[in-house]
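For the protein sequence lines, the chains are R and W, in the order given. The first sequence runs 1 to 378 under full-length UniProt numbering. The second sequence runs 1 to 322 under full-length UniProt numbering. Have a look at the structure below, then the notes.
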Amino acid sequence: MIKAYNNTWVTNLYIRETAAGWVSKNLLTTEQEAQIQKAFPEHFYRPGIFVTIGLFFFASIACSFFAGFLSLFFLDGFSDGAFGIFSIICAIAFLAALEFVIRDRKLFHSGIDNALLYAAVGAVISSFFLIIEGERPWLYCFLSLFILVPALLRYADLLLAAVTYFTAAALIALILTESALGKALLPFAFMIFSFLSYMLVSRSTSIYYHKCQQILEVLSLATLYLAGNYFVVREGNALLNDLPASTQVAFAYLFYFFTAAIPIAYICLGLKKYNRVLFVTGLLALGASIVTYRTYFLQLTISQELTLAGTFLIIVAVLAIRYLKNPKKGISDEPEAKRKFAYLEAIVAAEVLGQAPQENGIQFGEGNFGGGGAGEAY
Amino acid sequence: MTTQSILKELINKKIISGHQAEAIRSFETNKAFSVHWELRSILFLGILLFSSGIGVLIYENIDTIGHQAIIAAIAILTIVCFWYVFRNSLPYQHSELKNTNKFASYVLLLGCTTFLALEGYLQFQYEIFGIKYGLAVLIPTILFFFSAYRFDHTGVLSMAITGLASWVGLTIAPLSVLTKNDFTDQKLVWSAIILGTLLALTGWLSDSKEIKKHFSFTYLFLGGNLALIASLIGSFRGEPQIVFQFAGLLFSVFYILTARRSQSLVFLLMGVVTAYIIVSYMLAKLLGEALAMTLATLYFTFSSIGVILFLLKYKKFLGIKR
Numbered sequence: 001m002i003k004a005y006n007n008t009w010v011t012n013l014y015i016r017e018t019a020a021g022w023v024s025k026n027l028l029t030t031e032q033e034a035q036i037q038k039a040f041p042e043h044f045y046r047p048g049i050f051v052t053i054g055l056f057f058f059a060s061i062a063c064s065f066f067a068g069f070l071s072l073f074f075l076d077g078f079s080d081g082a083f084g085i086f087s088i089i090c091a092i093a094f095l096a097a098l099e100f101v102i103r104d105r106k107l108f109h110s111g112i113d114n115a116l117l118y119a120a121v122g123a124v125i126s127s128f129f130l131i132i133e134g135e136r137p138w139l140y141c142f143l144s145l146f147i148l149v150p151a152l153l154r155y156a157d158l159l160l161a162a163v164t165y166f167t168a169a170a171l172i173a174l175i176l177t178e179s180a181l182g183k184a185l186l187p188f189a190f191m192i193f194s195f196l197s198y199m200l201v202s203r204s205t206s207i208y209y210h211k212c213q214q215i216l217e218v219l220s221l222a223t224l225y226l227a228g229n230y231f232v233v234r235e236g237n238a239l240l241n242d243l244p245a246s247t248q249v250a251f252a253y254l255f256y257f258f259t260a261a262i263p264i265a266y267i268c269l270g271l272k273k274y275n276r277v278l279f280v281t282g283l284l285a286l287g288a289s290i291v292t293y294r295t296y297f298l299q300l301t302i303s304q305e306l307t308l309a310g311t312f313l314i315i316v317a318v319l320a321i322r323y324l325k326n327p328k329k330g331i332s333d334e335p336e337a338k339r340k341f342a343y344l345e346a347i348v349a350a351e352v353l354g355q356a357p358q359e360n361g362i363q364f365g366e367g368n369f370g371g372g373g374a375g376e377a378y
Numbered sequence: 001m002t003t004q005s006i007l008k009e010l011i012n013k014k015i016i017s018g019h020q021a022e023a024i025r026s027f028e029t030n031k032a033f034s035v036h037w038e039l040r041s042i043l044f045l046g047i048l049l050f051s052s053g054i055g056v057l058i059y060e061n062i063d064t065i066g067h068q069a070i071i072a073a074i075a076i077l078t079i080v081c082f083w084y085v086f087r088n089s090l091p092y093q094h095s096e097l098k099n100t101n102k103f104a105s106y107v108l109l110l111g112c113t114t115f116l117a118l119e120g121y122l123q124f125q126y127e128i129f130g131i132k133y134g135l136a137v138l139i140p141t142i143l144f145f146f147s148a149y150r151f152d153h154t155g156v157l158s159m160a161i162t163g164l165a166s167w168v169g170l171t172i173a174p175l176s177v178l179t180k181n182d183f184t185d186q187k188l189v190w191s192a193i194i195l196g197t198l199l200a201l202t203g204w205l206s207d208s209k210e211i212k213k214h215f216s217f218t219y220l221f222l223g224g225n226l227a228l229i230a231s232l233i234g235s236f237r238g239e240p241q242i243v244f245q246f247a248g249l250l251f252s253v254f255y256i257l258t259a260r261r262s263q264s265l266v267f268l269l270m271g272v273v274t275a276y277i278i279v280s281y282m283l284a285k286l287l288g289e290a291l292a293m294t295l296a297t298l299y300f301t302f303s304s305i306g307v308i309l310f311l312l313k314y315k316k317f318l319g320i321k322r
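Okay, here's the thing in structure tokens:
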């Protein structure tokens, strides 16, 4: 069993959420939703965001108190070796507690399990640092990956996904910066790494890793863009080579091109493939690119820039909204159905259509749906 | 797992018919990609950048010819904004207005921010209100309150409340209530409590009398935040302490009741946290310093267990089903 959380429940949760989306668009009846809830059960304990934060906070406190209590027994032999053993004992205890709360209390990323997971992983990794001393930094990154990747595959945790990605990136950076040639190739290495990781991650169709997949996609796209961004390359180059002021870099035109082309490529691809991760990352990257060009080519006061940028954004937004008055090329300006109005829509629909739910919901036949349904939602 | 496989599962479990599955599938493949929120965010960001840029731009160009032109341009822009909003507005009603014009609310926001920049500048340069600074703050506040109710705009309402607070001499923005206000001045603590009470009452009334019911959250949140923090500070430092402590506990009760009524976790947290701090402080005072220190660890251990239990049960308390 590689997956810690009940995979069937995770899948069922996804089916329920998708079905709830269809219900809010009047594609399914509420009776059918009730049937779905019965046919696809899940019994995870999932509190709201505030409670999750609260539980995480208090569980973290409990973890550190536990570690502090345990450390009392190790106080006399306070060598690094003893501390390493202490870390491992802590990690085993945290892992046992983690497995218990997941299996018995049915927690699902609800604060307590997150805190326990981070505490366990942190304890194991810090034991590495204590037992193996004075090695090159990249070795620690390399060893950490052996803990992080299995933990990520088992628990599918968001923060763990991000940490794993950054550890892998740091491993590459630390190895390459050891040689002069490596330093020069660093941007390209990062771009290739990010691209490969995006390709790898975006292929996953697993629901269990759906959220991790999204965050890894965002991070890959972001590092791909940043590795090609002129500002990052120029200032990074100065920082790595201990230059007093940043100077023009080699292949500057290539990086000018990347700075402009990558965001536009993201936005176009996002719109073409209906991929919101690509689209929004592209918009943010475009903003960063404008700031980059401004830093080196524009000499204006900050208020002039703000006014100009504001005017530009307002004009772009207004033109786009006017252009998309009717959906064009599969892109629309209609708001996605919000949860808030779900009740209202349902009530109105029930009032207007006035249908008595039949078995299997055949009343949503072609004619009825094609006219009313599509008109309602979009 | 794709739409296709979910639909297949649903058909297998005999929840939907093949007919309906086909309808859902064609809906999913034909539905357009919505860029609604992205465009709205860009528009909002644009207004934010523009108004903060223009506000400084005026002062930068003082004593040049372009200066008068900028002032005139801003004045014209403000007038055009309000004119546009008036032309495209719906008649006033007590309930929430659903304006079909896509730009009206953003144009109103732009008009309000440019008005603020213009008015501030005119006062700075020509002192049109002389030394009556209060008047200079009150005029935009009145305009914003009017606009918020007339055109139904929650954002402008919070701008109006901010203006009202600064007229009294307070900062009300949620994150800077503590940092920007000088609460060592006892008079300011009192005005914060009074203003907070008035705002909270307005929020309560607008909810119960159904006059712009959706404004109630803004009133309650901003007012409550101010009143609770001010009464907390008064409980520690004010004279006489017991009055502030009593007021703070009253506020907490009010907010806990409000939370139950509107099923809001934010109000519940505001009320509970304040009450917890005040009660703890009062207990410590009552027991005396030496005894309080010894009992502190026990007290905090058990009270945080209490907090966890409470957090696990909050849905029942708020009456949220599910």
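Ideal Cβ placement from N, Cα and C applies to all residues, glycine included. None of the values given here were measured: they were computed from a predicted structure.
Considering Cα atoms alone, identify which of W/Phe33, W/Arg25, W/Asn12 and W/Thr218 is closest to R/Lys329. The residue you call residue 329 of chain R lines up with position 329 of the first sequence. Cα-wise, what sits closest to R/Lys329 is W/Phe33.
Strictly by DSSP, which residues pair up with W/Phe33? Counting from 1 along the second sequence, the entry for residue 33 of chain W is found at position 33. According to DSSP, W/Phe33 bridges with R/Ile331.
query: Should W/Ser52 be flagged as near chain R, meaning a C-beta pair shorter than 7 Å?
result: Counted from its first residue, the second sequence places residue 52 of chain W at position 52. Chain R, which has a Cβ nearer than 7 Å to the Cβ of W/Ser52, makes this yes.
* Asked: By Cβ distance below 6 Å, which residues in the same chain neighbour W/Leu257 in space, the five residues on each side in sequence not counted?
  -> Against the second sequence, residue 257 of chain W aligns to sequence position 257. For W/Leu257, where only same-chain residues beyond five positions count, there are no Cβ hits under 6 Å.
_When you compare the CB of R/Gly371 with every CB in chain W, is at least one pair closer than 7 Å?_
Within the first sequence, residue 371 of chain R is the residue found at index 371, counting from 1. Annotation note: pLDDT 30 at R/Gly371 (below 50); position unreliable, coordinate value reported separately. It does not: the Cβ of R/Gly371 has no partner Cβ on chain W nearer than 7 Å.
(message) Does the region 234–241 of chain W come into contact with the region 102–118 of chain W, if we say contact requires no fewer than three beta-carbon pairs (one atom in each stretch) closer than 8 Å?
(response) no
| message | Just list the residues that DSSP pairs R/Tyr45 with in beta bridges. | response | Mapped onto the first sequence, residue 45 of chain R falls at position 45. Paired residue(s): R/Leu107.
- request: Pull up the distance between the alpha-carbon of W/Phe267 and that of W/Tyr149, whole angstroms please.
  value: Along the second sequence, one-based indexing puts residue 267 of chain W at 267. Along the second sequence, one-based indexing puts residue 149 of chain W at 149. Spanning the two alpha carbons is a distance of roughly 24 Å.
Shortest alpha-carbon distance to R/Gly228 belongs to which of R/Arg203, R/Ser206, R/Gln32 and R/Phe257?
Here the question's residue 228 of chain R lines up with position 228 in the first sequence. Ranking R/Arg203, R/Ser206, R/Gln32 and R/Phe257 by Cα distance to R/Gly228 puts R/Phe257 first.
(message) Output needed for R/Ala120: all residues of its chain with C-beta closer than 7 Å, excluding positions within five of it in sequence on either side, in chain order.
(response) Locating residue 120 of chain R in the first sequence gives position 120, counting from the first residue. Within the same chain, R/Ala120 has close Cβ partners Ala91, Phe94, Leu95 and Leu98.
Local Cβ density within 10 Å of R/Thr244, reported as buried at 16 or more and exposed below that: Sequence index remark: in the first sequence, residue 244 of chain R carries index 244 (1-based). The sequence as given places Pro at residue 244 of chain R; Thr does not occur at that position. Exposed, because fewer than 16 other Cβ atoms sit within 10 Å of the Cβ of R/Pro244.
Indicate whether W/Leu228 and W/Phe244 have their beta-carbon atoms separated by less than 7 Å. Within the second sequence, the letter at position 228 stands for residue 228 of chain W. Within the second sequence, the letter at position 244 stands for residue 244 of chain W. For W/Leu228 and W/Phe244, no; Cβs fall outside 7 Å.
Q) Anyone know if the C-beta pair for W/Ser52 and R/Leu308 falls short of 7 Å? A) Here residue 52 of chain W refers to the residue found at position 52 of the second sequence. Here residue 308 of chain R refers to the residue found at position 308 of the first sequence. Result no, Cβ atoms of W/Ser52 and R/Leu308 do not sit closer than 7 Å.
Quiz item: Interface residues of chain R around W/Leu118 at Cβ under 9 Å?
Solution: For the purposes of this step, residue 118 of chain W is taken as the residue at position 118 of the second sequence. Here the premise fails: no neighbours, minimum Cβ distance about 14 Å.
Chain-ordered neighbours of W/Leu45 on chain R, where CB pairs are closer than 7 Å
On the second sequence, residue 45 of chain W is found 45 positions in, with the first residue counted as 1. The answer, in chain order, is Leu313.
Legend entry - R/Ala156, DSSP secondary structure in three states: Residue numbering aside, residue 156 of chain R sits at position 156 when the first sequence is read from its first letter. It is coil, neither helix nor strand.
Discussion item. Excluding the 5 residues flanking R/Leu143 on each side, which residues of the same chain have their C-beta closer than 7 Å to its C-beta?
Written reply: As a working note, residue 143 of chain R is residue 143 in the first sequence. Result list for R/Leu143: Phe128, in chain order.
Legend entry - Contact under 7 Å by Cβ, R/Ala173 with W/Leu39: If you number the first sequence from 1, residue 173 of chain R lands on position 173. If you number the second sequence from 1, residue 39 of chain W lands on position 39. Contact: no.
Checklist entry - Which residues bound the alpha helix (DSSP H) around R/Val124? => result In the first sequence, counting from the first residue as 1, residue 124 of chain R sits at position 124. Ile112 to Ile131 is the extent of the alpha helix (DSSP H) around R/Val124.
inquiry  = With three or more beta-carbon pairs closer than 8 Å as the criterion, would you say the region 181–191 of chain R touches the region 156–168 of chain R?
reply    = no
- Item | DSSP state of R/Ser60 mapped onto helix, strand, coil | Numbered from 1 along the first sequence, position 60 holds the residue referred to as residue 60 of chain R. R/Ser60: helix per DSSP, three-state reduction.
Original post:
Contact between the region 6–13 of chain R and the region 206–220 of chain R: three or more CB pairs below 8 Å?
Top reply: yes
Notebook entry, point to check: For the putative contact between R/Ser197 and R/Leu181, defined by C-beta atoms under 8 Å, what is the C-beta separation to the nearest angstrom?
Noted result: On the first sequence, position 197 is the one that residue 197 of chain R refers to. On the first sequence, position 181 is the one that residue 181 of chain R refers to. 23 Å between Cβ atoms; not a contact.
- Query: In chain R, what lies closer than 9 Å to W/Gly13 by C-beta?
  - Reply: Counting from one through the second sequence, the residue named residue 13 of chain W turns up at place 13. Correcting the residue identity first, residue 13 of chain W is Lys in this sequence and not Gly. Ordered by position in chain R, the residues that pass the 9 Å Cβ test against W/Lys13 are Gln35, Ile36, Ala39 and Phe40.
Say the cut is 6 Å; is the CB of R/Ser194 nearer than that to a heavy atom of the ligand FMN?
-> Inclusion of the ligand FMN in the displayed structure is not the case, the ligand content being empty and no account of it being possible.
**Prompt:** Under three-state DSSP, which class holds residue 324 of chain W?
**Reply:** For chain W, the structure presents residues 1 to 322; residue 324 of chain W sits outside this window and is missing.
Contact the region 276–291 of chain R vs the region 249–267 of chain R: 3+ CB pairs below 8 Å: yes
Among W/Ile58, W/Ser303 and W/Asn30, nearest to W/Leu122 - alpha-carbon criterion: For the purposes of this step, residue 122 of chain W is taken as the residue at position 122 of the second sequence. When only C-alpha atoms are compared, the closest one is W/Ile58.
Q: To the nearest angstrom, report how far apart W/Ser26 and W/Thr100 are at their CA atoms.
A: Position 26 of the second sequence, counting from 1, holds the residue named residue 26 of chain W. Position 100 of the second sequence, counting from 1, holds the residue named residue 100 of chain W. Those two C-alpha atoms are separated by around 29 Å.
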